[in-house]
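*Asks:* Questions regarding the structure given below will be posed in turn.
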Amino acid sequence: MNVQPSQIQDLIACPHCDALHHAPVLGENERAFCARCGSLLAAPRARSFLQVLALAFAAMILMAAAIFFPFLGISSHGFGHESSVFEVAMAFSDSWYAPLSFAVLMVIAALPMLRFVGLIYTLWPLAKGRPPWRHAAFVFRVVEEMQPWSMAEIFVIGTAVALVKIGGLASISFGPAFWAFCALIIVTVLKNIYMNKSAIWEAIGQK
Amino acid sequence: MSDPVLSATDAGLTGCTQCGRVWPMGTARCGRCGSHLHPVDTRCLQRVWAWWWAGLAFYIPANLFPMLRTSTLFGSQENTIAGGAVELAQHGSWGVAIIILSASILIPISKFVAIAYLAFAVRTPPQAAGKRHLLLYDIVEFIGRWSMIDVFVVAILSSLVQLGFVASIHPGPAAAAFALSVAFTMLSAQSFDPRLIWRGPQSTSAT
Numbered sequence: 000m001n002v003q004p005s006q007i008q009d010l011i012a013c014p015h016c017d018a019l020h021h022a023p024v025l026g027e028n029e030r031a032f033c034a035r036c037g038s039l040l041a042a043p044r045a046r047s048f049l050q051v052l053a054l055a056f057a058a059m060i061l062m063a064a065a066i067f068f069p070f071l072g073i074s075s076h077g078f079g080h081e082s083s084v085f086e087v088a089m090a091f092s093d094s095w096y097a098p099l100s101f102a103v104l105m106v107i108a109a110l111p112m113l114r115f116v117g118l119i120y121t122l123w124p125l126a127k128g129r130p131p132w133r134h135a136a137f138v139f140r141v142v143e144e145m146q147p148w149s150m151a152e153i154f155v156i157g158t159a160v161a162l163v164k165i166g167g168l169a170s171i172s173f174g175p176a177f178w179a180f181c182a183l184i185i186v187t188v189l190k191n192i193y194m195n196k197s198a199i200w201e202a203i204g205q206k
Numbered sequence: 000m001s002d003p004v005l006s007a008t009d010a011g012l013t014g015c016t017q018c019g020r021v022w023p024m025g026t027a028r029c030g031r032c033g034s035h036l037h038p039v040d041t042r043c044l045q046r047v048w049a050w051w052w053a054g055l056a057f058y059i060p061a062n063l064f065p066m067l068r069t070s071t072l073f074g075s076q077e078n079t080i081a082g083g084a085v086e087l088a089q090h091g092s093w094g095v096a097i098i099i100l101s102a103s104i105l106i107p108i109s110k111f112v113a114i115a116y117l118a119f120a121v122r123t124p125p126q127a128a129g130k131r132h133l134l135l136y137d138i139v140e141f142i143g144r145w146s147m148i149d150v151f152v153v154a155i156l157s158s159l160v161q162l163g164f165v166a167s168i169h170p171g172p173a174a175a176a177f178a179l180s181v182a183f184t185m186l187s188a189q190s191f192d193p194r195l196i197w198r199g200p201q202s203t204s205a206t
């Protein structure tokens, strides 16, 4: 079967199974799913850009706080020690596996931060109904591709496990960065609920 | 019975796996998001297997070498991944022991098995199991990152527990090996093209 070039604009291929669909025209509360594998294909361009933009800003500020404020402290038998998230990442730095420190810093702080900044860059003009800024497509693609490698939420669960491990050994105090991280996770979850990848791509595509 | 769904490949088109737009076959980059377009092809399995073996190669030292070195007033101790979990269980922290065991042993091993199974399954003609296989792939992609928990726990413990001679914890070489193993299996899962699940071994036309 051959498809005329003029028709290509109206087609979308499911990223998961390659099934070809006509790009649906959706109403207010409609969503389009792939007929073969059931993946979400498109949702209407709701007024969600502004919410995502606001949440990305909140996440960015919380992340900045989370990196530099004290994270956790312990004390036992008169000895005490406090760590920031930066120092946690540097835990591996005094041996041959120092690159692991760099990797940990990337996945818990730098990549999530870059994703928030990239999302703001992409959505700032779109939320106001203006055409996207230059290289918005490249920026948003990088934001999407970094998604599996940004592991802030996994780090929070790791913190919980670590706290149980040392719970009996010493008394623990929570710094502002700990609470910032917890808030960050909630904001990130909300952002993921509001965010609508296909709508953003569509908005970027309309030059 | 032939598949009633027309795929983009059958129509002589290539779908963008990032944003869903379709382009004539042979187009190198998506004109909307700039992603590299690649046809549905079993060649991606080579990369899947390369990363898979690399992940497995690092998973073995990750389990043999110590993950943590703990020194307290009463001497020092080295723990492997499994050893640490067993010790937690002996102290009665069953919940955390189960989290550690599933994040560092159960999930990685099931991931190796699941990716290998999918890579073999797409070499046989496509079956009705498509939806189940896609679900398996989605689970593997989603859950793989959570194995990093153990690396973060080690980082938090060794930066926090620095109480002079009372107690101090240092990371062991297994932490680096384990982080690499998780990263390689994530790359292996990302290299797998889920569109192959419906496509079968050859790019023969299904219509």
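Line by line, the protein sequences give chains A and B.
Numbering that gives the first Met the number 0 numbers the first residue of the first sequence as 0 and each following residue consecutively.
Numbering that gives the first Met the number 0 numbers the first residue of the second sequence as 0 and each following residue consecutively.
Note that the Cβ used here is the ideal one computed from N, Cα and C, for glycine as well.
Please compile the residues from chain A whose C-beta is within a distance smaller than 8 Å of the C-beta of T16/B.
*Replies:* Those within 8 Å of T16/B in chain A are P14.
*Asks:* Kindly indicate which residue of F48/A, A18/A, M62/A and P111/A has the alpha-carbon position closest to the one of P175/A.
*Replies:* Nearest option by C-alpha distance: M62/A.
*Asks:* Residues in the same chain with beta-carbon distance under 8 Å from K196/A, minus the five sequence neighbours each way, listed in chain order, please.
*Replies:* Once the five neighbours on either side are set aside, the close Cβ partners of K196/A are E143.
*Asks:* Determine, using beta carbons only, whether A118/B and W145/B come nearer to each other than 8 Å.
*Replies:* No.
*Asks:* Sorted by chain position, which residues of the same chain lie with C-beta nearer than 7 Å to G128/A's C-beta, five sequence neighbours on each side aside?
*Replies:* Contacts found: none.
*Asks:* On a Cα-Cα basis, can you pick out the residue from D17/A, Q146/A, E29/A and W95/A that is closest to D209/B?
*Replies:* Chain B is shown from 0 up to 206; residue 209/B falls before or after that span and cannot be answered.
*Asks:* Consider the Cβ of M62/A: report whether some Cβ of chain B lies at a distance smaller than 8 Å.
*Replies:* Taking Cβ atoms only, chain B never reaches closer than 8 Å to M62/A, which makes this a no.
*Asks:* I'd like the list of long-range same chain contacts for L19/A, defined as Cβ closer than 7 Å, with 5 residues on each side in sequence excluded.
*Replies:* Answer for L19/A: L10 and A12, listed in chain order.
*Asks:* Can you tell me the Cα-Cα spacing of G171/B and M66/B, whole angstroms?
*Replies:* The straight-line gap from Cα to Cα measures roughly 4 Å.
*Asks:* Which one of N191/A, L168/A and Y120/A has the shortest CA to CA distance from L162/B?
*Replies:* It is L168/A.
*Asks:* I'd like to check one pair, G54/B with S190/B: are the Cβ atoms closer than 8 Å?
*Replies:* The answer is no: Cβ separation not under 8 Å.
*Asks:* Do you know offhand how far G30/B's Cα is from E152/A's?
*Replies:* Going by the C-alpha atoms only, they are around 33 Å apart.
*Asks:* DSSP on F70/A, reduced to helix/strand/coil?
*Replies:* Correct three-state label for F70/A: strand.
*Asks:* Could you tell me whether the stretch 77-93 of chain B touches the stretch 54-63 of chain B, using the rule of 3 or more Cβ pairs below 8 Å?
*Replies:* In short, these stretches touch, since the Cβ pair count reaches three.
*Asks:* With a threshold of 8 Å, are at least 3 pairs of Cβ atoms found where one atom belongs to the stretch 148-165 of chain B and the other to the stretch 73-93 of chain A?
*Replies:* With a cut-off of 8 Å, the stretch 73-93 of chain A and the stretch 148-165 of chain B count as touching, because enough Cβ pairs lie within range.
*Asks:* Could you tell me the alpha carbon to alpha carbon distance between L162/A and W197/B, rounded to whole angstroms?
*Replies:* Approximately 45 Å between the Cα atoms of the pair.
*Asks:* At least one CB of chain A closer than 8 Å to the CB of L87/B: is that the case?
*Replies:* Chain A contact via Cβ: present.
*Asks:* Under 9 Å, CB to CB, which of the residues in the stretch 87-102 of chain B have a partner in chain A?
*Replies:* Answer in chain order: L87, H90, S92, G94, V95, I98, I99 and A102.
*Asks:* What does V21/B touch in chain A if you count any residue whose Cβ is under 8 Å from its own?
*Replies:* Going along chain A in sequence order, the residues near V21/B (Cβ under 8 Å) are I7, L10, I11, A12 and L19.
*Asks:* Counting only C-beta atoms, is M66/B closer than 8 Å to chain A at any point?
*Replies:* No, M66/B does not count as interfacial toward chain A.
*Asks:* Give the straight-line distance between the Cα atoms of A205/B and A7/B, rounded to the nearest whole angstrom.
*Replies:* Bear in mind that the predicted position of A205/B carries a pLDDT of just 40, short of 50, making it unreliable; the figure below should be weighed with that in mind. When rounded, the distance between both Cα atoms is 11 Å.
*Asks:* If contact is defined by three or more beta carbon pairs under 8 Å, each pair taking one atom from either stretch, is the stretch 108-122 of chain A in contact with the stretch 54-61 of chain A?
*Replies:* Yes, since at least three Cβ pairs between the stretch 54-61 of chain A and the stretch 108-122 of chain A fall closer than 8 Å, the two stretches touch.
*Asks:* Residues in the same chain with beta-carbon distance under 7 Å from W48/B, minus the five sequence neighbours each way, listed in chain order, please.
*Replies:* If we look at W48/B and ignore the five residues flanking it on each side, its Cβ neighbours are A118.
*Asks:* For K164/A and P193/B, I'd like the C-alpha separation in whole angstroms.
*Replies:* Cα to Cα, the separation comes out at about 39 Å.
*Asks:* Just verifying my parser: in three-state terms, what is the DSSP assignment at V95/B?
*Replies:* Helix.
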